[in-house]
Amino acid sequence: MTGRLLQAYEDGCETFEGLRDAAVAHVTRLIAGAGLNIHHVTGRVKKRASLEDKLRRKPGRYGSLADVTDLVAVRVITYFESDVSVVSRLLEEHHAIDWENSIDKSKMHDPDRFGYMGVHYVVQVTPDSPDLSGFAGLKFEVQIRSILQHAWAEIEHDLGYKNREAIPREVQRRFYRLAGLLEMADEEFMTLHRLSQQYTATLPTRVQEAPDAVFIDAPSMKHLLDVPPVRDLDQQVAGALNVLLLTDWPDPERPQRLASLLHYVGVHSVGALQKELRRHEAEVVRFASLLLPRLREAWTPAGGARPGTSVVHYALLRACANPLLDPHEIVSMLDMRGVLSGEQLVAAVREAYTQATSGTDRQVG
């Protein structure tokens with residue numbers, strides 16, 4: 001029997017590998033279509049030695065190769081435990097599930113359970129299965145775990161402990177404690193994710209109603225780049241240079257850099273930034289129109305002015321006016337290395353500042 005099944009496995013290997021690739025691509029598209037952000041999706045075909053060992057350990061259980069439901073497996077690793085159930089529902093909605101061989105291992109244990117496993121579904125491929133109809137009649141397993149569940153499973157496998165009876169009593173308590181800590185960590189990550197989403201969703205209202213109470217950070221800075229006074233002042237700077245404002249500039253780290261820059265010059269709330277930009281609007285535009293032509297090598301390859309350019313020039317003005325601040329720090333925060341040296345950049349900044357403030361007593365501070 002074992003020899004016959006192994007020969008069937010060898011004969012079908014190419015088909016199994018094709019199903020693996022198609023299943024990984026399909027599950028990836030399914031998750032992306034739902035707008036879900038996960039860690040990764042991988043697939044594998046069971047190795048011959050692993051199948052042989054399985055058949056030897058469970059003699060007589062498998063009458064045909066079709067009874068081995070995990071020959072092809074897809075693994076989905078989510079960032080959050082709550083997303084495990086989201087992926088599970090997607091599979092249930094789009095596929096016929098072999099419920100007899102599918103298990104939710106997280107619900108199989110006692111409250112002091114040993115193990116931290118996730119969900120295993122066996123998908124039955126039918127002629128109507130999207131992207132997979134060419135493999136109708138076959139099955140593949142989908143393992144769905146959060147990244148912490150995955151870490152537990154990998155370490156558990158490496159230690160060789162398959163169930164609670166396998167663990168020496170002297171170490172059982174530590175395993176239980178660790179399982180509890182991982183569950184708590186998963187819950188806390190989900191809470192942080194939910195709070196972050198709520199924070200971002202309420203930013204526009206809070207910025208409008210109580211800007212002095214909104215802290216300058218990456219999310220608030222990202223929002224501010226699209227609204228007055230930052231957007232309007234950016235447009236004025238771009239207009240003074242007769243270039244476009246690059247509203248779709250792809251730099252996900254820029255809001256964080258701008259937030260760090262503002263903290264360095266002592267601006268910590270949205271309200272304070274709004275007041276400062278309105279108060280020094282003319283100086284910012286004049287300074288930028290004097291400085292940027294000196295630094296064409298640093299910005300013209302982009303084809304225009306980047307979002308937040310007014311914030312950058314306000315911070316540089318403040319650094320030049322305050323002897324306790326150093327323009328070198330701002331150049332470093334903006335990561336402007338490459339085209340010009342830090343010394344060249346700072347020298348250009350100081351020259352433009354001197355020209356911008358000559359003949360006037362108005363200074364930023």
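Per UniProt numbering, the sequence shown starts with residue 1, numbered consecutively. Where is the CB? At the ideal position from N, CA and C, for every residue including glycine. These numbers were taken from a predicted model, which means no experiment stands behind them.
{"Item": "So, using beta-carbon positions, are Arg44 and Arg20 closer together than 8 Å?", "Value": "yes"}
{"Item": "Just to confirm the assignment: which complete alpha helix (DSSP H) runs, minimum length 4, are found wholly within the stretch 217-266?", "Value": "218-224, 230-241, 254-264"}
{"Item": "Is Asp112 helix, strand or coil when you go by DSSP?", "Value": "In this prediction, Asp112 scores a pLDDT of 48, lower than 50, which makes its location untrustworthy; no coordinate-derived value is stated."}
{"Item": "Return the first residue and the last residue of the alpha helix (DSSP H) that Glu283 is part of.", "Value": "281-291"}
{"Item": "Could you tell me whether the stretch 202-212 touches the stretch 258-274, where touching means 3 or more Cβ pairs closer than 8 Å?", "Value": "yes"}
{"Item": "Measure the alpha-carbon distance for Glu52 versus Lys46 and round it to whole angstroms.", "Value": "10 Å"}
{"Item": "When the distance is taken between beta carbons, is Ala288 closer than 8 Å to His328?", "Value": "no"}
{"Item": "Please decide whether Gly12 counts as near chain D, where near means a Cβ-Cβ distance under 8 Å.", "Value": "Of the chains in the structure shown, none is chain D; there is only one protein chain."}
{"Item": "With distances taken between CB atoms, is the gap from Tyr121 to Ser88 smaller than 8 Å?", "Value": "yes"}
{"Item": "Less than 8 Å separating the beta-carbons of Val237 and Val285?", "Value": "yes"}
{"Item": "Whole angstroms is fine: what's the gap from Ser310's alpha carbon to Asn37's?", "Value": "33 Å"}
{"Item": "So Leu317 and Tyr353 are supposed to be a Cβ contact under 8 Å. How far apart are they, rounded?", "Value": "7 Å"}
{"Item": "Using the DSSP secondary-structure output, state which residues sit across from Tyr121 in a beta bridge.", "Value": "Val142"}
{"Item": "What is the C-beta distance between Val27 and Val142, in whole angstroms, given that I count them as a contact (C-beta under 8 Å)?", "Value": "7 Å"}
{"Item": "To the nearest angstrom, how far is the alpha carbon of Ala348 from that of Ala305?", "Value": "18 Å"}
{"Item": "Answer yes if the stretch 248-260 comes into contact with the stretch 188-206, meaning at least three C-beta pairs across the two stretches below 8 Å, and no otherwise.", "Value": "no"}
{"Item": "Go through its chain and collect everything with a Cβ distance to Pro127's Cβ below 6 Å, but skip five positions before and after it.", "Value": "Ser133, Ala136"}
{"Item": "What does Arg75 pair with, by DSSP beta-bridge criteria?", "Value": "Thr42, Gln143"}
{"Item": "Is Ser196 helix, strand or coil by DSSP?", "Value": "helix"}
{"Item": "Do you know offhand how far Lys139's Cα is from Glu183's?", "Value": "31 Å"}
{"Item": "Could you check where the alpha helix (DSSP H) with Ser50 kicks off and where it finishes?", "Value": "48-57"}
{"Item": "For Gly12, which residues in the same chain have their Cβ closer than 6 Å to its Cβ, ignoring the five residues on either side in sequence?", "Value": "none"}
{"Item": "Three-state secondary structure (DSSP) at Asp326?", "Value": "coil"}
{"Item": "From Gly180 to Trp152, what distance separates their C-alpha atoms?", "Value": "11 Å"}
{"Item": "Can you give me the Cβ contacts of Leu55 inside the same chain, cut-off strictly under 7 Å, excluding the 5 residues immediately before and after it?", "Value": "Thr2, Leu5, Tyr62"}
{"Item": "Which same chain residues end up closer than 8 Å to Glu14 when comparing Cβ atoms and leaving out the 5 residues on each side of it in sequence?", "Value": "none"}
{"Item": "Please name the residue in Ile216, Ala185, Glu351, Ser220 whose C-alpha comes closest to that of Thr200.", "Value": "Ser220"}
{"Item": "Out of Val227, Ala298, Gly18, Leu178, point me to the one whose CA is closest to Val346's CA.", "Value": "Ala298"}
{"Item": "Report the three-state DSSP secondary structure of Ala8 (helix, strand or coil).", "Value": "helix"}
{"Item": "Using a Cβ-Cβ cut-off of 8 Å (strictly less than) and excluding sequence neighbours within five positions of Pro111, which residues of its own chain qualify?", "Value": "The pLDDT assigned to Pro111 is 46, lower than 50, so where the model puts this residue is not dependable; a value taken from the coordinates is nonetheless given after this. So the list is empty, once near-sequence residues are dropped."}
{"Item": "In whole angstroms, what is the alpha-carbon distance linking Pro255 and Ser129?", "Value": "43 Å"}
{"Item": "Taking the straight line between their C-alpha atoms, what separation do you get for Leu261 and Gly239?", "Value": "24 Å"}
{"Item": "So what does DSSP say about Phe135, is it helix, strand or coil?", "Value": "helix"}
{"Item": "Ordered along the chain, which non-local residues of its own chain (more than five positions away) have a Cβ less than 8 Å from that of Leu233?", "Value": "Leu277, Glu281, Val284, Val285, Ser310"}
{"Item": "Whole-angstrom Cβ separation of Leu30 and Leu90, contact assumed at under 8 Å?", "Value": "5 Å"}
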